[in-house]
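J.: I'd like to ask some things about the structure below.
Quick look at the structure:
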């Protein structure tokens with residue numbers, strides 16, 4: 002557990018005392034908590050103290066909760082009329098845990114029941130290594146991009162991107178499991194209309210989970226491999242087309258660029274991002 006920039010053992014007395022203090026403070030509706038968790042792996046030590054950052058560890062959790070003032074910062078000072086910035090909660094598990102029988106789907110369903118999100122997705126994804134930042138300001142985007150083209154089932158989107166105001170009105174590209182709340186289902190005709198389409202599908206399955214309709218694109222998360230001719234389940238294409246009307250538009254994803262991105266006016270970067278968000282649209286047709 003990281004408190005004020007210093008890592009503390011989660012079960013230690015100091016960390017538990019701090020957690021009790023935070024829980025008490027959280028009773029105030031105007032109080033917001035943002036915390037980070039990571040493992041104490043020796044590989045995270047480079048030229049001095051251990052690195053504790055928002056990057057890949059054995060298990061990953063990032064919570065970025067906007068309070069009532071900061072959530073309106075962009076709307077007030079950057080792009081008036083854009084609305085509030087959403088809060089972001091992300092979990093990551095090592096492949097070894099999944100292959101060893103870890104119940105990813107069960108964990109995410111329980112999290113959705115508790116958190117009641119606007120939307121959520123679950124599947125394979127990319128989290129940067131501790132030593133690397135992926136952004137338009139370095140070549141990391143270009144190293145990652147060929148892998149994203151080859152393995153379409155891998156989700157790759159930065160937490161900073163997810164914090165953009167557009168995600169308070171829409172969701173990104175779909176993944177293996179998709180949770181969509183009634184607020185986002187309304188433009189699609191509402192929950193019952195969407196449920197009927199899912200039930201009529203040969204490939205999709207649906208279930209009510211918390212405040213969301215869960216739509217699953219296959220029995221197991223797949224990444225595909227375009228070099229080896231290993232396709233994704235057809236459900237990925239069906240889910241993408243189903244939720245296309247509520248997909249965000251015009252968002253620049255910090256992880257996706259075939260060439261170095263140079264800001265919001267970079268048409269090539271915008272085109273790469275649009276294609277990536279819509280990469281499943283024609284799948285299975």
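Residue numbers (this note's numbering): 2 to 286.
Idealized CB from N, CA, C, for every residue including glycine.
As the structure is a prediction and not an experimental result, all values here were calculated from the model.
(1) Have a look at residue 270 and residue 165 and give me their C-alpha separation to the nearest angstrom.
(2) How many Å lie between residue 116 and residue 103 at the Cα?
(3) Does the beta-carbon of residue 55 have 16 or more other beta-carbons within 10 angstroms, so that it is buried, or is it exposed?
(4) Three or more C-beta pairs closer than 8 Å, one from the segment 202 to 222 and one from the segment 108 to 122: is that the case here?
(5) If you follow the beta strand (DSSP E) that residue 121 is part of, which residue opens it and which one closes it?
(6) I need the boundaries of the beta strand (DSSP E) containing residue 288, first residue and last residue.
(7) Start and end of the beta strand (DSSP E) containing residue 91?
(8) DSSP three-state call for residue 279: helix, strand or coil?
(9) For residue 257, which residues from the same chain have a beta carbon less than 6 Å from its beta carbon, with the 5 sequence-adjacent residues on both sides left out?
(10) Need the endpoints of the beta strand (DSSP E) that residue 267 sits in, please.
(11) Could you give the DSSP three-state label for residue 253: helix, strand or coil?
(12) Cα separation between residue 260 and residue 142?
(13) Answer yes or no: do residue 188 and residue 254 have a C-beta to C-beta separation smaller than 9 Å?
(14) Hey, how far is the Cα of residue 247 from the Cα of residue 185?
(15) Between residue 17 and residue 24, what straight-line distance do the alpha-carbon atoms span, to the nearest angstrom?
(16) If you follow the beta strand (DSSP E) that residue 115 is in, where does it begin and where does it stop?
(17) Please state the DSSP three-state secondary structure of residue 238.
(18) Skipping 5 residues on each side, what residues in its chain have a beta carbon closer than 7 Å to that of residue 72?
T.: On the basis of the data shown:
(1) Along the chain shown, read from residue 1 onward, the residue named residue 270 stands at position 269. Along the chain shown, read from residue 1 onward, the residue named residue 165 stands at position 164. Residue 270 and residue 165: Cα-Cα distance of roughly 17 Å.
(2) Counting from one through the chain shown, the residue named residue 116 turns up at place 115. Counting from one through the chain shown, the residue named residue 103 turns up at place 102. So the two alpha carbons sit approximately 21 Å from each other.
(3) Your numbering for residue 55 matches position 54 in the chain shown. Note that residue 55 scores a pLDDT of 45, beneath 50, so its modelled location is shaky; the value from the coordinates is reported in the next line. Within a 10 Å sphere around the beta-carbon of residue 55 sit 16 or more other beta-carbons, which makes this residue buried.
(4) Short answer: they touch.
(5) In the chain shown, the residue the question calls residue 121 occupies position 120. Its beta strand (DSSP E) spans residues 120 to 123.
(6) Nothing can be reported for residue 288, as the shown portion of the chain is limited to 2 through 286.
(7) To locate residue 91, count along the chain shown from 1; it is residue 90. Boundaries of the beta strand (DSSP E) around residue 91: 89 to 93.
(8) Residue mapping note: residue 279 aligns to position 278 of the chain shown, counting from 1. Of the three classes helix, strand and coil, the one that applies to residue 279 here is coil, per DSSP.
(9) Residue mapping note: residue 257 aligns to position 256 of the chain shown, counting from 1. These residues qualify, in order along the chain: 273, 274 and 277.
(10) On the chain shown, position 266 is the one that residue 267 refers to. According to the DSSP assignment, residue 267 belongs to no beta strand (DSSP E), since it is labelled neither H nor E.
(11) Against the chain shown, residue 253 aligns to sequence position 252. Here residue 253 sits in coil by DSSP.
(12) Taking the chain shown and counting its residues from 1, the one referred to as residue 260 is at position 259. Taking the chain shown and counting its residues from 1, the one referred to as residue 142 is at position 141. Here the C-alpha atom of residue 260 lies approximately 8 Å from the C-alpha atom of residue 142.
(13) For this step, residue 188 is matched to residue 187 along the chain shown. For this step, residue 254 is matched to residue 253 along the chain shown. No. Outside cutoff.
(14) By 1-based counting over the chain shown, the position of residue 247 is 246. By 1-based counting over the chain shown, the position of residue 185 is 184. For residue 247 and residue 185, the distance between alpha carbons rounds to 7 Å.
(15) In the chain shown, residue 17 corresponds to position 16, counting from 1. In the chain shown, residue 24 corresponds to position 23, counting from 1. In this model, residue 17 and residue 24 are separated by some 10 Å (Cα to Cα).
(16) Position 114 of the chain shown, counted from the first residue, corresponds to residue 115. It is not in any beta strand (DSSP E) - residue 115 instead sits in the alpha helix (DSSP H) that spans 105 to 116.
(17) Sequence index remark: in the chain shown, residue 238 carries index 237 (1-based). Helix.
(18) Position 71 of the chain shown, counted from the first residue, corresponds to residue 72. The beta carbon of residue 72 is closer than 7 Å to those of 85 and 86 in its chain, skipping five residues each way along the sequence.
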